[in-house]
Every structure is written in C-alpha cells, then in structure tokens.
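**Student:**
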Amino acid sequence: MRTEDLCQLCGTLRTDVVYVLASVDQVNTMVEMYGGAVCSLRCGRLTAAVCPHYTEAGSPIAIYAVPRHDRVDLVGCDLDNDDEYDVEGLDPVCVLTTC
C-alpha cells in the first residue's frame, strides 16, 4: 500500500469514492485538494470545521462525493499526493456553514 492511497486526515485506506471540499462561491469548477481528498463524509466535515483554508473561506463549504482517480503533484515536490476534481454539474452531498 502506498501512502498516497490513504486519507490525508485519518490515514484510512481510501475507497473508490472520495470526498472533496470547495467553497460554494468558488468561481472555477476545478477543486484542488492539496494532500488529497478525504475518505469519508465524516472526515470532510471535520476538515471543514478545523482547517483554516475552509474556516476562513467566508462562505459555506460544499462537500462532493466523487470517484477516486490517480493523484497528481500540484505542489511540485515529486509526490503524487494531491487531488484535482471537476465538480461542474455535481450536487454536493452536504453544505456546511463554517465560523
């Protein structure tokens, strides 16, 4: 098993469906998850509640369930541990208001 196959939050093995987060007022439809998408809705909710990227977003956070695909290297550190998903036309699983 590769580290890249694990949830960035809890370390659980990711299944065929992963969860990505995006600010609802995000203007583009490409969602980038540095460190990778999370394994469950629970991890998505926790990420939205504690990660400053989402708590300071200034808008509600949408969580989408998407089919997992090979990870990419968004940061340029030679590790394929990031995720990039197009959420255009998808309905979020839930929308959270952060404070």
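Just so we're aligned: the sequence shown equals residues 364 to 462 in my numbering. We treat Cβ as the ideally placed atom computed from N, Cα and C, and that holds for glycine.
Residue 457 by DSSP, collapsed to three states: which one?
**Tutor:** Looking at residue 457 - three-state DSSP - the assignment turns out to be strand.
**Student:** Where does residue 445 sit, in a helix, a strand or coil, going by DSSP?
**Tutor:** Correct three-state label for residue 445: strand.
**Student:** Using alpha carbons as the reference points, say which of 372, 441 and 423 lies closest to residue 404.
**Tutor:** Cα-wise, what sits closest to residue 404 is 372.
**Student:** Looking only at its own chain, which residues have a Cβ that is under 8 Å from the Cβ of residue 423, when we skip the five neighbours before and after it?
**Tutor:** Taken in chain order, the residues that qualify are 386, 387, 458, 459, 460 and 461.
**Student:** Count the other C-beta atoms from every protein chain shown that fall within 10 angstroms of the C-beta of residue 393, then say buried if there are 16 or more, exposed otherwise.
**Tutor:** Flag for residue 393 reads exposed.
**Student:** Measure from the alpha carbon of residue 450 to the alpha carbon of each residue in 420, 410, 402 and 425, then state which is nearest.
**Tutor:** Closest option to residue 450, Cα to Cα, is 425.
**Student:** Can you tell which of 440, 431 and 439 has the C-alpha that lies nearest to the C-alpha of residue 383?
**Tutor:** Residue 431 is the option with its Cα nearest to residue 383.
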